[in-house]
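Student: Following this message is one structure expressed as C-alpha cells.
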Amino acid sequence: MSTHSNASASSKELLHLAFTSSRGRQDTGSHHSSRHKPIVVTKDVIKAAELLGMVLPDDERYLQIAVDCVSAVDFPDWEMLTDEGTGELYYWNQSAKVSAWENPKHEYYKNLFLQRKA
1 MSTHSNASAS SKELLHLAFT SSRGRQDTGS HHSSRHKPIV VTKDVIKAAE
51 LLGMVLPDDE RYLQIAVDCV SAVDFPDWEM LTDEGTGELY YWNQSAKVSA
101 WENPKHEYYK NLFLQRKA
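Under UniProt numbering, the residues of the sequence shown are numbered 1 to 118, in order.
Spelled out as C-alpha cells, the structure:
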C-alpha cells in the first residue's frame with residue numbers, strides 16, 4: 001500500500017530547488033545524513049512538506065523530513081480501508097485494534113517536524 005506516487009521522479013518532475021550547503025540548516029533528526037549532500041526536491045516532496053504542515057520557503061531547513069516521509073515505507077501493521085458509509089479512506093491496525101483517519105506514517109513525520117521546529 002502506498003499513498004504517494006513513485007519517489008524516483010523523472011527529470012521533468014524535478015523542481016529547481018536543492019541545497020548544497022549545510023549553512024543555516026538544522027538537524028532534522030533523520031537517519032539520513034544530508035549535511036553535505038544536496039536535497040533534490042520533487043513534486044512529491046513539496047506535497048509531503050505541505051501535508052506535514054511546512055510553510056515554504058520559511059521551513060525549507062526541515063525539507064529532509066519531507067524527503068524521508070516520501071521515501072519511507074508505509075507502516076506494516078496498518079491497512080488502508082474505505083468507510084462504506086462515506087467512501088472516505090481510513091487506516092486500521094489489526095494488532096492494536098485501532099483506527100485513524102490520517103495515515104500513521106504522515107502523522108509520525110508531522111510530529112517529528114513539529115518537534116524539530118519547536
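Backbone N, C-alpha and C fix where the C-beta goes; we use that ideal spot for every residue, glycine too.
Could you tell me which uninterrupted beta strand (DSSP E) segments, each at least 3 residues in length, are contained entirely in the UniProt domain "WW" (76 to 106), listed from first to last along the chain?
Tutor: 78 to 82, 89 to 93, 98 to 100
Student: Apply the 10 Å Cβ neighbour rule to L52 and answer buried if 16 or more other Cβ atoms are within range, or exposed otherwise.
Tutor: Indexing the sequence shown from 1 puts residue 52 at position 52. L52 is buried by the Cβ-count criterion.
Student: Do V45 and A72 have their C-beta atoms closer together than 8 angstroms?
Tutor: The sequence position of residue 45 within the sequence shown is 45, counting from 1. The sequence position of residue 72 within the sequence shown is 72, counting from 1. No; because the gap between Cβ atoms is not below 8 angstroms, this pair is not in contact.
Student: Distance check for K43 and P57, CA to CA, integer angstroms please.
Tutor: Working through the sequence shown from its first residue, we reach residue 57 at position 57. Working through the sequence shown from its first residue, we reach residue 43 at position 43. Rounded to whole angstroms, P57 to K43 spans 14 angstroms at the Cα level.
Student: List the endpoints of the continuous alpha helix (DSSP H) containing L63.
Tutor: Start at 1 with the first residue of the sequence shown, and residue 63 comes out as number 63. Residues 63 to 71.
Student: Would you tell me roughly how many angstroms separate the C-alpha atoms of E50 and D74, rounded to the nearest one?
Tutor: Here residue 50 refers to the residue found at position 50 of the sequence shown. Here residue 74 refers to the residue found at position 74 of the sequence shown. Near 18 angstroms, if we compare the C-alpha coordinates of D74 and E50.
Student: Counting C-beta neighbours from all protein chains within 10 Å, is the total for D68 16 or more, i.e. buried, or is it exposed?
Tutor: To locate residue 68, count along the sequence shown from 1; it is residue 68. It is buried - the Cβ of D68 has at least 16 other Cβ atoms within 10 Å.
Student: Measure the alpha-carbon distance for G87 versus E79 and round it to whole angstroms.
Tutor: As a first step, residue 87 is located in the sequence shown; it is residue number 87 there, counting from the start. As a first step, residue 79 is located in the sequence shown; it is residue number 79 there, counting from the start. So the alpha carbons of these two residues sit roughly 16 angstroms apart.
Student: Quick check: what's the CA-CA separation for G85 versus P38?
Tutor: Sequence index remark: in the sequence shown, residue 85 carries index 85 (1-based). Sequence index remark: in the sequence shown, residue 38 carries index 38 (1-based). Cα-Cα distance, rounded: 46 angstroms.
Student: Let me check understanding here. Comparing Cα to Cα, which of P76, E60, A118 lies closest to Q94?
Tutor: Position 94 of the sequence shown holds residue 94. Among P76, E60, A118, the Cα nearest to that of Q94 belongs to P76.
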